[in-house]
Amino acid sequence: MPQFDRSLFPRNFIIPERRRTNAESMFPSMNNMNIPRPHETFGPERSQISVAPEHQSQNRERISQTSSGNLFGFEPTDRAQFGQGFFKPDQIQNMTSQTDVPFGNWNSQRWSSNPRDVSFNIDLKLATCTEEYQKLPNHTMCLADKANLNVSGVSDSDQAEIVRLHNEFRGTVMPEASDIFTMKWDDRLAIVAQKWANQCSRHHDRMRTVPSLGKHTLIGQNLAGGFSNWSSVIKEWWTENVIWRYGIEPSTYIPETSDVAETIGHYIQMTYNATYLVGCGFAYCDESQFEKYYVCNYAPGLRSYTHPFTVGERCQACPHWCRDGKCDCGGRVCNNGGTLSMRTCQCECGPLYAGPSCDILRCPFHDHPDCGVKYQKDHCVVLPEVNQDCPYMCDRCAQGHVLCGGRICFNGGVLKETTCQCSCSPPFAGETCEGK
Numbered sequence: 001m002p003q004f005d006r007s008l009f010p011r012n013f014i015i016p017e018r019r020r021t022n023a024e025s026m027f028p029s030m031n032n033m034n035i036p037r038p039h040e041t042f043g044p045e046r047s048q049i050s051v052a053p054e055h056q057s058q059n060r061e062r063i064s065q066t067s068s069g070n071l072f073g074f075e076p077t078d079r080a081q082f083g084q085g086f087f088k089p090d091q092i093q094n095m096t097s098q099t100d101v102p103f104g105n106w107n108s109q110r111w112s113s114n115p116r117d118v119s120f121n122i123d124l125k126l127a128t129c130t131e132e133y134q135k136l137p138n139h140t141m142c143l144a145d146k147a148n149l150n151v152s153g154v155s156d157s158d159q160a161e162i163v164r165l166h167n168e169f170r171g172t173v174m175p176e177a178s179d180i181f182t183m184k185w186d187d188r189l190a191i192v193a194q195k196w197a198n199q200c201s202r203h204h205d206r207m208r209t210v211p212s213l214g215k216h217t218l219i220g221q222n223l224a225g226g227f228s229n230w231s232s233v234i235k236e237w238w239t240e241n242v243i244w245r246y247g248i249e250p251s252t253y254i255p256e257t258s259d260v261a262e263t264i265g266h267y268i269q270m271t272y273n274a275t276y277l278v279g280c281g282f283a284y285c286d287e288s289q290f291e292k293y294y295v296c297n298y299a300p301g302l303r304s305y306t307h308p309f310t311v312g313e314r315c316q317a318c319p320h321w322c323r324d325g326k327c328d329c330g331g332r333v334c335n336n337g338g339t340l341s342m343r344t345c346q347c348e349c350g351p352l353y354a355g356p357s358c359d360i361l362r363c364p365f366h367d368h369p370d371c372g373v374k375y376q377k378d379h380c381v382v383l384p385e386v387n388q389d390c391p392y393m394c395d396r397c398a399q400g401h402v403l404c405g406g407r408i409c410f411n412g413g414v415l416k417e418t419t420c421q422c423s424c425s426p427p428f429a430g431e432t433c434e435g436k
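Note that full-length UniProt numbering has the sequence shown beginning at 1, numbered continuously upward.
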């Protein structure tokens, strides 16, 4: 089989058909899986993708014979953890990379670049490089925009279209998903995605963490370039559904010569049950390879190739919060590493935070004895347990910190230290037991 340079087409970066023509003539091994093109799978009046049975059959037969370089995905951050399964209701977690990973790993917190990629200029004096981002090495928000950046930003109408298409597709996944969240737009994700789009790069960023969501909250990422609009991009990502098979290890139906991430990565991220936040960025860059660059960041990011959701009757996991086949918790967002429960639509906070959105810091009296001995401050960025056990060393808590932000419960109410909520005595009620 002919060999080709994969660095020309980075993982998880897709390009439209017209820009693939030359690539396919250069590399005969690419795109021989007979996957229907977008114009073959979309009817003129339809937004839902449909794939003819004969195409599905041909694809299954031919996918084992060769590879494709047209659709780009990702490699898991931690393969041992990543492949062990999906998140069930109330078991949604976040995963963190503890080691450097190859470029294109959209779920990583750190990234080792392709040596032939263009260089990026870190500037700590940038207005976007605030103190919270300066603490995270190589963060995207501390990168200077490329000089050839012409136009950037995502309009309100495009934001609505991005969310609408994601939710429309998520509500129709097959096999049916019993536990998949409705997505909502998140400006924090969008700001970082936009900053990366401004780099006019075909690769993934080194650090895209959103501190207020949690330093170790996994952030997923999909990329595309050269498409005319957001609708075309998202529909192209979704076409990977003709390849992916639920519950089956991809290596059994995707050949070794193909990159699993390139083949099914975008689709799986779009269908991951725990993801409920999305934010995207767009940039038009003069004199660049693709001109138009599209970036979408997701939280929490994907964890499993094989089981991104649980098979079952739609909304079975959330019968009280069901809307259009998905679990819809309205505007609820969980910060600081908190997870959103499908069963209750409430945030389940980590040991250092409390409150409806996990925004109330509740510090212990002191750090764990291992802090400063077994663990050093450098470990705060890469090890979640150090952030939890050593909040003072990691600058999450300050000496003399007031418990639960100084909250006081009146009229005989008792402050619960584990939740920072007041337990009121009748007839009093409210957050501080001052109401009746």
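We put the beta carbon where it would ideally sit given N, CA and C, even for glycine. None of these values were measured; they are calculated from a predicted model.
Cα-Cα separation, residue i to residue j
i	j	result
A429	T130	39 Å
Q261	G301	Correcting the residue type first, residue 261 is Ala in the shown sequence and not Gln. Going from the Cα of A261 to the Cα of G301 covers about 14 Å.
L136	E313	42 Å
E132	D359	16 Å
C142	F181	32 Å
D145	G220	22 Å
D205	L126	17 Å
R245	L124	45 Å
K184	Y267	18 Å
W321	C371	42 Å
N198	G279	15 Å
P369	M393	11 Å
H166	Q159	11 Å
L149	C200	7 Å
R164	K377	42 Å
First and last residue of the uninterrupted beta strand (DSSP E) at residue i
i	result
L126	Careful: L126 lies outside any beta strand (DSSP E) and carries neither H nor E.
Q221	G220 to G225
G281	L277 to C285
S155	Unbroken run through S155: none, as it is neither H nor E.
V233	No beta strand (DSSP E) holds V233; the alpha helix (DSSP H) holding it covers W230 to W238.
A299	K292 to A299
Sequence-distant residues of its chain with Cβ nearer than 8 Å to residue i (five each side left out)
i	result
I408	L415 and T432
P391	L352, C363, P364, D367 and C397
E434	F410, N411 and F428
Residues near residue i in its chain [Cβ-Cβ closer than 7 Å; skip 5 each side]
i	result
L213	R188, A299 and N335
Burial state of residue i (16 or more Cβ within 10 Å)
i	result
S288	buried
I234	buried
I248	exposed
S423	exposed
F282	buried
M174	exposed
F410	exposed
T209	buried
E256	exposed
D328	buried
residue 451	Because the chain is modelled from 1 through 436, residue 451 falls outside the range shown and cannot be assessed.
Contacts around residue i, its chain only, beta-carbon distance under 6 Å, and the 5 residues preceding and following it disregarded
i	result
S386	Looking at the sequence shown, residue 386 is not Ser but Val. Around V386: Y375, H379 and C380.
A177	F309
I15	G225 and G226
Residue interval of the alpha helix (DSSP H) (run including residue i)
i	result
A261	V260 to T271
Per DSSP, cross-strand counterpart(s) of residue i
i	result
A147	For A147, which the question treats as bridged, DSSP gives no partner whatsoever.
residue 447	Here the chain has residues from 1 to 436 only, and residue 447 is not among them.
F181	C327
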